Amino acid sequence: MKLIRSLNNLKLTEPLCLTIGNFDGFHLGHQKIISNIKSHCAKHNYKSAILSFEPHPYSFFKKENNKKFRISSISQKLQFVKDSNIDYAIILPFNSNLSQISANNFINEILVNKLNTKHIIIGYDFVFGKNRSGNINTLIDNSFNRYIVKQINVINKNNEICSSSNIRQNIISGKIDIANNLLNKYFTINSRIISGQKIARKIGYKTANFRVPLNIIKPKYGVYHTKTFIYKLNKEYNSITNFGIKPTINDNCHEICETHIPNFDSDIYNFKISTKFIKFIREEKKFSNIEKLKEQISVDLSYI
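In terms of numbering that gives the first Met the number 0, the sequence shown is residues 0 to 303.
Laid out in structure tokens, this is it:
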């Protein structure tokens with residue numbers, strides 16, 4: 000995969016089969032688009048490409064508000080693209096200049112002149128250009144036999160619409176199993192272990208603590224069955240994770256994830272980890288004392 004971050008002095012000569020979007024979460028709908036692109040490229044000997052934007056346009060327009068909404072980080076998105084064996088990942092900086100490009104100019108200047116696009120495959124809800132004025136009809140009306148457009152219909156799984164917005168809603172509602180089904184993988188947070196209060200180890204349940212990254216959506220407060228991959232050890236462990244504010248321990252605690260890995264006692268402070276959220280077990284609760292909390296943790300562990 001070749002990564003392109005700027006269109007300056009760029010003019011591709013090889014014909015592209017391309018898709019455009021934010022691809023947050025790289026869910027089933029995105030995966031179907033990628034599958035179509037690869038099939039078309041194999042048939043016509045085109046190069047495959049995904050055109051996306053950073054920051055997410057929603058973050059750009061909302062500025063400081065509601066930044067914690069992304070399902071996947073930019074590094075996760077690029078890994079998804081790489082794993083899909085796409086030839087080009089074109090990640091354009093979404094700024095004032097790009098936000099003001101009309102739909103027609105986006106087609107002519109970027110898709111045709113810069114990228115030599117011959118086939119465009121998009122999702123059912125695709126819009127583009129200044130004020131989101133462009134859609135599939137804009138692409139078709141301005142094709143002039145320069146490229147072909149195909150739209151992928153909406154995907155429903157178990158009566159759930161496969162869209163990034165619906166997946167976000169399920170994550171914040173604690174319906175992590177539904178979100179995972181639509182993602183066709185586990186919702187995953189990449190982070191680094193930070194120092195904690197070391198209270199959990201005193202009651203026999205040592206935890207590894209980490210924070211949800213700044214721009215990543217926060218799951219519902221509660222206890223989850225998780226799987227924790229520790230990069231330095233190159234190993235994944237079955238685990239249990241509480242996300243919340245530790246009400247039994249501290250009334251003024253900042254939001255934090257606490258992960259307990261059974262039968263694991265190594266010091267992993269500052270290690271990079273990847274946490275897969277498998278299943279929501281229960282809501283976070285304030286217990287009357289530490290012993291009650293200890294009893295509940297024992298019950299929670301029975302679910303993993």
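Positions of the beta carbon are idealized from the N, C-alpha and C atoms, including for glycine.
This one's a predicted model, so the numbers in the text were calculated from it and none came from an experiment.
- Message: Spatial neighbours of Asn-241 within its chain, please: C-beta separation below 6 Å, excluding the five flanking residues on both sides.
- Response: Here the question's residue 241 lines up with position 242 in the sequence shown. Correct list, in chain order: Val-222 and Glu-257.
- Message: Let's test the definition: count the other Cβ atoms within 10 Å of the Cβ of Val-309 and tell me whether it reaches 16, buried, or not, exposed.
- Response: This structure does not reach residue 309, given that the chain is present from 0 up to 303, and the question cannot be answered.
- Query: Should the stretch 27 to 44 be regarded as contacting the stretch 76 to 85, the criterion being three or more beta carbon pairs within less than 8 Å?
  - Reply: yes
- Could you tell me which uninterrupted alpha helix (DSSP H) segments, each at least 4 residues in length, are contained entirely in the stretch 3 to 59, listed from first to last along the chain? 27 to 43
- Is Ser-132 helix, strand or coil by DSSP? In the sequence shown, the residue the question calls residue 132 occupies position 133. Here Ser-132 sits in coil by DSSP.
- Query: Should Cys-16 go down as buried or exposed, given a rule of 16 or more other Cβ atoms within 10 Å for buried?
  - Reply: Residue 16 sits at position 17 when you count from the first residue of the sequence shown. Answer is buried; the Cβ neighbour count reaches 16.
- Message: Checking 9 Å against the spacing of the C-beta atoms, do Ser-162 and His-26 come in under that value?
- Response: Position 163 of the sequence shown holds residue 162. Position 27 of the sequence shown holds residue 26. Contact flag set, yes.
- Decide if Pro-218 is buried, meaning its Cβ has at least 16 other Cβ atoms within 10 Å, or exposed. As a working note, residue 218 is residue 219 in the sequence shown. The residue in question, Pro-218, is buried, as its Cβ has 16 or more Cβ neighbours within 10 Å.
- Task: Verify whether the separation of the beta carbon atoms of Lys-117 and Arg-145 is less than 9 Å.
- Result: As a first step, residue 117 is located in the sequence shown; it is residue number 118 there, counting from the start. As a first step, residue 145 is located in the sequence shown; it is residue number 146 there, counting from the start. Yes, these two residues count as a Cβ contact at 9 Å.
- Count the other CB atoms, across all protein chains shown, that sit within 10 Å of the CB of Arg-131; report buried if there are 16 or more and exposed otherwise. Sequence index remark: in the sequence shown, residue 131 carries index 132 (1-based). Answer is exposed; the Cβ neighbour count stays below 16.
- Specify whether the stretch 173 to 183 and the stretch 263 to 271 touch according to this definition: at least 3 beta carbon pairs, one from each stretch, less than 8 Å apart. no
- Message: Considering just the uninterrupted stretch of the alpha helix (DSSP H) at Lys-307, what are its terminal residues?
- Response: Given a span of 0 to 303 for the chain in the structure shown, any question on residue 307 remains unanswerable.
- Item | Nearest-angstrom Cβ-Cβ length linking Phe-68 and Ile-216, presumed shorter than 8 Å | Here residue 68 refers to the residue found at position 69 when the sequence shown is read from its first residue. Here residue 216 refers to the residue found at position 217 when the sequence shown is read from its first residue. Rounded, the Cβ-Cβ distance is 5 Å, consistent with contact.
- Tell me which same chain residues have a C-beta within less than 7 Å of the C-beta of Thr-206, skipping the five on either side of it? Position 207 of the sequence shown holds residue 206. Taken in chain order, the residues that qualify are Gly-195, Ala-199, Glu-257, Thr-258 and His-259.
- Stretch pair the stretch 229 to 238 + the stretch 181 to 188: three plus CB contacts closer than 8 Å: no
- Apart from the five residues on each side of it in sequence, which residues of its chain come closer than 6 Å, Cβ to Cβ, to Arg-4? Translated into positions along the sequence shown, residue 4 becomes position 5. Ile-90, listed in sequence order.
- Query: What residue range is occupied by the uninterrupted alpha helix (DSSP H) comprising Arg-191?
  - Reply: Translated into the one-based positions of the sequence shown, residue 191 becomes position 192. Per DSSP, Arg-191 belongs to no alpha helix (DSSP H); it is in the beta strand (DSSP E), 186 to 191.
- Task: For Asn-169, verify whether its CB is less than 8 Å away from any heavy atom of the ligand PLP.
- Result: Because no ligand of any kind appears in the structure shown, any question about the ligand PLP cannot be addressed here.
- Message: Measuring straight from C-alpha to C-alpha, what distance separates Gly-243 and Glu-159?
- Response: Taking the sequence shown and counting its residues from 1, one reaches residue 243 at position 244. Taking the sequence shown and counting its residues from 1, one reaches residue 159 at position 160. C-alpha separation (whole angstroms): 27 Å.
- Query: Excluding sequence positions up to five away, which residues of its chain have a Cβ less than 6 Å from the Cβ of Pro-246?
  - Reply: Translated into positions along the sequence shown, residue 246 becomes position 247. Excluding sequence neighbours, Pro-246 sits near Lys-285.
- Using three-state DSSP, classify Arg-167 as helix, strand or coil. Within the sequence shown, numbered from 1, the residue matching residue 167 stands at position 168. In the structure shown, Arg-167 sits in a helix (DSSP, three-state: H, G or I).
- Secondary structure of Leu-311, DSSP reduced to three states: The structure shown has nothing for residue 311, since the chain only spans 0 to 303.
- Boundaries of the beta strand (DSSP E) in which Gln-174 is found, first to last residue: Here residue 174 refers to the residue found at position 175 of the sequence shown. The question names Gln, but residue 174 in the sequence shown is Lys. Looking at the DSSP string, Lys-174 is not in any beta strand (DSSP E), and its letter there is neither H nor E.
- Query: If Ala-48 sits next to Ile-85, beta carbons under 8 Å apart, how far is it from one beta carbon to the other, in whole angstroms?
  - Reply: Translated into positions along the sequence shown, residue 48 becomes position 49. Translated into positions along the sequence shown, residue 85 becomes position 86. Rounded, the Cβ-Cβ distance is 7 Å, consistent with contact.
- Measure the alpha-carbon distance for Leu-300 versus Leu-181 and round it to whole angstroms. What you label residue 300 is simply residue 301 of the sequence shown in a count that begins at 1. What you label residue 181 is simply residue 182 of the sequence shown in a count that begins at 1. C-alpha separation (whole angstroms): 26 Å.
- Message: On a Cα-Cα basis, can you pick out the residue from Thr-137, Ser-38, Lys-37 and Ile-255 that is closest to Asn-103?
- Response: Residue mapping note: residue 103 aligns to position 104 of the sequence shown, counting from 1. Checking every option, the nearest Cα to that of Asn-103 belongs to Thr-137.
- What is the DSSP secondary structure of Phe-79, counted as helix, strand or coil? Start at 1 with the first residue of the sequence shown, and residue 79 comes out as number 80. Phe-79 falls in the helix class under three-state DSSP.
- Mark Lys-61 as exposed unless 16 or more other C-beta atoms lie within 10 angstroms of its C-beta, in which case mark it buried. Within the sequence shown, residue 61 is the residue found at index 62, counting from 1. Answer is exposed; the Cβ neighbour count stays below 16.
- Cutoff 8 Å; reference Asn-165; Cβ partners in own chain excluding five residues on either side: As a first step, residue 165 is located in the sequence shown; it is residue number 166 there, counting from the start. Excluding residues within five positions, the ones whose Cβ falls inside 8 Å are Glu-159 and Leu-181.
- Nearest-angstrom beta carbon gap, Ile-147 and Lys-226 [assumed within contact, 8 Å]: The residue given as residue 226 occupies position 227 in the sequence shown. The residue given as residue 147 occupies position 148 in the sequence shown. Wrong, their Cβ atoms sit about 42 Å apart, outside the cutoff.
- Message: Please state the DSSP three-state secondary structure of Lys-226.
- Response: What you label residue 226 is simply residue 227 of the sequence shown in a count that begins at 1. The answer is strand: DSSP assigns Lys-226 an E or B state.
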